[in-house]
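Each residue of the sequence shown is one higher than the one before, counting from 208 in this note's numbering.
The C-beta atom is built at its ideal place from N, Cα and C for all residues, glycine as well.
Every value quoted in this text rests on a predicted model; they were computed, and no experiment measured them.
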Amino acid sequence: MSQNKTVYTLCFTISVLIIFILGSCSNQKNTAVTRFYHSTNTRYNIYFNANEAYKETLKNRLLSQEDNMSEMLYIFPDNSDSATMQLPGGSFTTTIDKTTKAIKLHSIKVKPQRNPNRRNDADYQAWLQQKEYTPFMDNVWMLLAKSEFHEAKYLQAITTFMYISKIYASRPEIVAECQLWVARAYTEMGWLYEAGNILHKMELAGGAPDKHKALYSAVKANYLIRNNELRASVPHLEYAIKKEKDKHQKLRMKYLLGQIYTKTGDVINADKAFASVQGMNTPYKYSFNAKLQQIQLDTPDNKKDLIASLSKMAKSAKNKEYLDQIYYVMGNSYLQKADTVKAIESFRNALEKSTRNGYDKAMVGVRLGDLYFDRREFIPAQPLYSNALPQLKKSHIDYPRVALRSDVLDALVVHIKTVHDQDSMQHLAQLPEEERLKIINDKIEKLKKEEEEAKKEEERLQKAEERQNRIMSWADLEDMSLLDKQNTPTIPQAQTPTFGQQNNAATFYFYNEQTVAQGKIAFQKSWGNRKLEDDWRRRTKSGFSSSLADMDAAANQTDSLLLAQQATQSGTDGIQTGDTVSVVKDVYSVEYYLQQLPFTEEAIKESNDLIENALFNMGVIYKNKLEDMDLAIDAFDTDLRRFPNTPNREEIYYQLFLIYMQTGDKNMMATYRNRLLNRFPESLYARALSEPDYEWNFKHMPAMVDSLYNSAYNAYMAADVTTVRNDYETINRKYPLTDLMPKFSFLNALSYAQTRDARNLENNLRTLTEKYPKADVTPLATEILGKLRDGRILLSDGSPITDFDWSKAYASDSTLMGKDGEMLAFSDSLDTEYMLLLMFKTNTVDRNELLYQVADYNFSNYVIQTFDLSFETEPPYDILQMRGFKSFANVRSYVNKAFSEEGLMNKIDTAILAMPISVDNYTKALPRLGMEQYTTFFAEHFNEQLPVLIAHWNNDSIAFDSQMAQLAQQTLPDDNDGDDNLIAEVPDQQEDSTQQPAIESTTKIRVNQDIDKPVQQQEEPVNDKQITADDLLTKDQLKAAGKVDDAIKSVEEIISNPVDGIRNLFNKYNNREKLTKEEKAERKEQERIEKQQQKELKAIAKAKQDSINKIEKARIDSVARVEKQLEDSIKAAAKQKEEQLKLEKQEKENAAKAAIKAKEDARKQKEDERKAREQQQAERQRQREKERKEKEKAQEEKRKQKEKEQKERLRQREKERQEKEKQAEEKRKQQQRDRN
């Protein structure tokens, strides 16, 4: 027996000790021991690991950030343009998970037991008012918010920082740091006004604390740079550089400082800043780019030696990767000297020697494409724009222009090449056979040589890749040695490790959507936007010269035209077997090219048709897209000259008429007007041009058409069918060529639906679809025609279609029907998904402020449940949709809480209307039946469930106050029927009323609750009692220890003083009285009576206290209501003042921007004048050179003429001398004969 007692006592002791330890470790108990335990565990366990992961990820991001060194850098590596894609350096998910775990397990928010002896201690009373008691938890919260920021979850990070500011409001250094991070987040989001407002208020309050001055300077500089206030950012950036400890970040900021000095024209300081970046330990990309930026500065030395310095850099082997940048700068320098030829040569070198398909190569392509484009050389410009476009961000200043030119040239070059290629093939077909075969054979030899060179280059690249694969890391060598030990025959290949991935089936490329998306982006950067086709890598698919580039299409056709053409050819154009001619597809065969040449009349006609259509399309593109009227006139005139009977003749006449009207050439305009009237008198063009005031109509057509369309539309909406049809007749007579003609026809057709004229409705819709098959309203008209053919009647009640959503506008007879033919009506189902609409008139509420207020309220009041927030516009209303309510019970609970004193509806604008609605009603019935019918339906069916909302709708203040009083007197119904996701945080009664996001739920779920049927059940009262023995021990344990009250006192003694408490407990157990059974029963009865009396006394005291509390609450509520009204008035005044400041700031910003723009315009004008002067000077120099050469030439010719005359005189003299000598000799001989 004694042994059993000992064992029992030991077990009981161990149980008490376990209970004591568990109770001490709980974050629901606030003692010095628990605070020390949770703080230590957080600091040296969870927080340590989270902080290490945070620092490692942040370092990786800084080192792996691929910056565009040619553009202005960001101060921080968190590029806001990359918010929609994977950020470099890995994810902060590990840090977020660990900090969230630390908050959940170790955050202590319950109030400690008050010490009455320190009632007058001000520091102690201030300590009691705090909302977080774990000493180290502020670091955890800050680490969580920073990780959310670096994950680009800016709104979530802002909410977390603001919550930290609330729970640590008594610590100014934490509040200041949170404000700086919020300003930084606003800046990254582009909300510059909000960021500037925070920084301005901080400056008014005395600036940032000394501890955070470096952070303040960096954030302020970042804000000013994003706001284009570069000069103002310099002092802040210099101070941030001075205080920055990370060498990589400091290097980045120094380079940015040099860029800012360059932008602001401070050449001397820019030169110093870039020089400070260069050094022995500087990464080469910074050294190179700093050097390149430095030599571009407008200094006397650089002007002399710029080209020489760039040439020297190009020869260095270290700069092989950066040749595109070097030659790009060299080309720009030649352009400044007006040497276009050398500039083009430099840009071509940059493209040829570029090893990176990135931004720098793209900018070279854009600049070279601009040169070709300005010279109207569109064929070489087209691929340059097309290849450059994928490398540019949409926010780049040149993106809209490059995108437009790329699209235009993509369409234009096809037609230019068609004309050139078809003309070349026709010319080649007309040459003598010997000359034709020589050209083809030369092409084949050239193709073979190119193919051989490409094969050699491919082999070289493959060998280089194999050499790269053989360079393995230590990890690869370890894997190989491990495989060798296991005698595994598989040889490992060198792989690029991917962060966070495992080598399993889940990492298959096409299973990872993010990897696939990144691959698409990489492909577009390398190859541009290409169609899905064979030989997509090759610009010319056939391998023939540009003059024969389109022959592949003909080579792959075996139609009768090609066969007939081949049958008439001599030689071996194809291999003929019976009645079939095979098509040769060997690009190294002469027959491959001969079979594509137009030898027959049919083939020549088909080629001419291609040329004619291409010329017409060229003219249209020149006129409408390039707005180059000279080229358009040339294309149209060429088309008419080469093909006088072209089927596009009418359209060409009209286009030429418009061109000459635009250029003001009255004679040519009259010529083409007369041609249209005489040759096409029945056309729409002739109808419009036959009007007496046709010129005025054409010039004012856009304004008149818009005015008439608005008139017709408004008349249609007002069921004024007469006005609709009159406006249609007017537009059809005066402006039949307007682009809005299909919409006029559509309105005119629908007007017959309003008068229930089904026949005219169908006829007009059919005419519309046949006349305008490509109009945007044609699919809608076609769909309505299909409904009419099925026997359905469109709007037989004669009313207009208000929302122009025609797919929802059909009805059978006068009954509104659903998709399945059932009556369309609102549903009052409770067990379906619901949503809450917050509606307000457009431009009456700040959408960003409302979004923040709702998100902050949800974050502070709901733990597990998350709500999806999105804006929709249904003129004249804007709607904030809140989704995530699984049933009506959930949304009812949310709305009741929202209308409480501290609820959402008292925080947002009073003009906002709350509207619960099921998802089915919102998507199916509401677009058809309208909001007015739904409010009536809701008031009829849900008045008993949500009387507060109905009273609010009706502006019934008496009923509203009554309903709120009833909700206050009784516990709110637990509307989370069967749904444990919508759980609100119930704050401790001892804590401040400020809502705080909690980690764990305090709502209990009853097992016997009927989940299928909504039941109003009372909310669980908040248990603010201290832990007693009833919460720790079972009844058997209490009986074993003795009396219940004694056990309670024993446990309390154990918790407060473990050693003495356990000793006293054993003493009581050993010294307890020995009672008989009757005495025990008598004592038990006596205890029951005493307990009953105590219970009654407690009930009386509780009722008295409740009465006192109710009176006190009424008084406090009255005071609070007055204070709230006063606070609201103060807030309204502050908001008005803030709006005034905002307007003043906006005016100043606009004035500053206007001044900057004027200054920039003046600079551009001066630059243009300088260039014009340089061009004039160059022209004068060329003219002088030309005159000098002509003068020299004339002098040379004159000299030659003189020499020629001199020679002629000498010859004449010689001739005369010889003649004289001959005469003298004759005379001498004659004399001799005479003597003889």
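Return the CA-CA distance between residue i and residue j, expressed in angstroms with no decimal places.
i	j	result
D1441	E1428	19 Å
D1313	E1330	25 Å
P943	A610	32 Å
A960	R848	50 Å
A988	N955	12 Å
A1431	K1411	30 Å
T945	M908	8 Å
E641	I647	10 Å
M948	L915	11 Å
T929	Y879	37 Å
K1242	R391	The pLDDT assigned to K1242 is 45, lower than 50, so where the model puts this residue is not dependable; a value taken from the coordinates is nonetheless given after this. Using only the alpha carbons, I get a separation of about 58 Å.
P899	A910	19 Å
V1457	I475	The structure shown does not extend to residue 1457, since the chain is modelled only from 208 to 1443, so the question has no answer here.
A1362	R608	25 Å
T985	T1143	37 Å
D417	L463	25 Å
Of all the options the options, which has the alpha carbon lying nearest to the alpha carbon of residue i?
i	options	result
P490	I502, Q456 and K479	Q456
G905	A926, R643 and Y861	Before going on, a small fix: residue 905 reads as Phe here, not Gly. Per the Cα distances, Y861.
D546	K519, F368 and I514	I514
P639	F806, E834, A477 and P590	F806
A524	L504, K1317, F495 and Q386	F495
D1324	Q598, S1107 and A1310	S1107
A1118	N1150, F1144, D1085 and G576	D1085
R555	L530, A1369, Y566 and Q543	L530
T301	D934, V317 and E358	E358
S1447	N967, A477, N526 and N815	With the chain running from 208 to 1443 in the structure shown, residue 1447 is simply not present.
R996	A965, K1131 and T341	A965
A982	S952, T962, I991 and S958	S952
L1057	M1042, Q669 and S1077	S1077
I432	D453, K420 and Q466	Q466
A1062	W1160, F343 and M369	M369
R1464	R563, T562 and N594	Residue 1464 lies beyond the stretch modelled for the chain, which goes from 208 to 1443, so this question has no answer here.
A1132	I1157, L1156, F1033 and K1114	F1033
R643	Y606, L591, V797 and Y541	V797
Taking 7 Å as the limit between beta carbons, can you name the residues of its chain near residue i, skipping five residues before and five after?
i	result
K308	I253
E355	I303, Q363, A364 and T367
Y920	L954
Since I believe residue j is in contact with residue i (beta carbons under 8 Å), could you give me their beta-carbon distance rounded to a whole number of angstroms?
i	j	result
L517	V536	6 Å
N256	I315	Going by Cβ atoms, the distance from N256 to I315 rounds to 21 Å, so no, they are not a contact pair.
V347	T306	5 Å
L504	A477	6 Å
L616	Q637	Not a contact, Cβ separation roughly 31 Å.
I859	F843	5 Å
Are the C-beta atoms of residue i and some chain B residue less than 9 Å apart?
i	result
E1367	This model lacks chain B altogether, as it is built from one protein chain only.
Among the residues of its own chain, which have a CB less than 8 Å from the CB of residue i, if the five just before and after it don't count?
i	result
K1048	P1083, Y1084, D1085 and A1118
Segment contact, 8 Å Cβ cut-off, at least three pairs: the stretch 368-378 with the stretch 412-421: Counting Cβ pairs under 8 Å, fewer than three are found: no touch.
Inter-stretch contact (C-beta, 8 Å, three-pair minimum) for the stretch 968-983 and the stretch 934-941: The stretch 968-983 is not in contact with the stretch 934-941.
Stretch pair the stretch 391-406 + the stretch 1095-1113: three plus CB contacts closer than 8 Å: With fewer than three CB-CB distances shorter than 8 Å, the stretch 391-406 does not count as touching the stretch 1095-1113.
Contact the stretch 570-589 vs the stretch 620-633: 3+ CB pairs below 8 Å: These segments touch.
Cβ pair count under 8 Å reaching 3, the stretch 259-277 against the stretch 432-445: Pairwise C-beta distances place the stretch 259-277 out of contact with the stretch 432-445, as fewer than three of them are shorter than 8 Å.
Cβ contact check for the stretch 462-473 and the stretch 430-438: 3 or more pairs under 8 Å: Taking 8 Å as the limit for Cβ pairs, the verdict is that the stretch 430-438 does touch the stretch 462-473.
Cβ contact (3+ pairs, closer than 8 Å) linking the stretch 265-279 and the stretch 557-568: A contact exists between the stretch 265-279 and the stretch 557-568.
Segment contact, 8 Å Cβ cut-off, at least three pairs: the stretch 447-456 with the stretch 419-430: The way I'd put it, the stretch 447-456 does touch the stretch 419-430; three or more beta-carbon pairs between them come closer than 8 Å.
Contact between the stretch 838-858 and the stretch 645-663 (3+ Cβ pairs under 8 Å): As far as the Cβ criterion goes, the stretch 838-858 does not touch the stretch 645-663, which means the pair count is below three.
Inter-stretch contact at 8 Å, needing at least 3 Cβ pairs: the stretch 1036-1047 / the stretch 1125-1142: Yes, since at least three Cβ pairs between the stretch 1036-1047 and the stretch 1125-1142 fall closer than 8 Å, the two stretches touch.
Stretch-stretch touch, CB-based, cutoff 8 Å, three pairs: the stretch 329-339 with the stretch 265-273: The stretch 329-339 is not in contact with the stretch 265-273.
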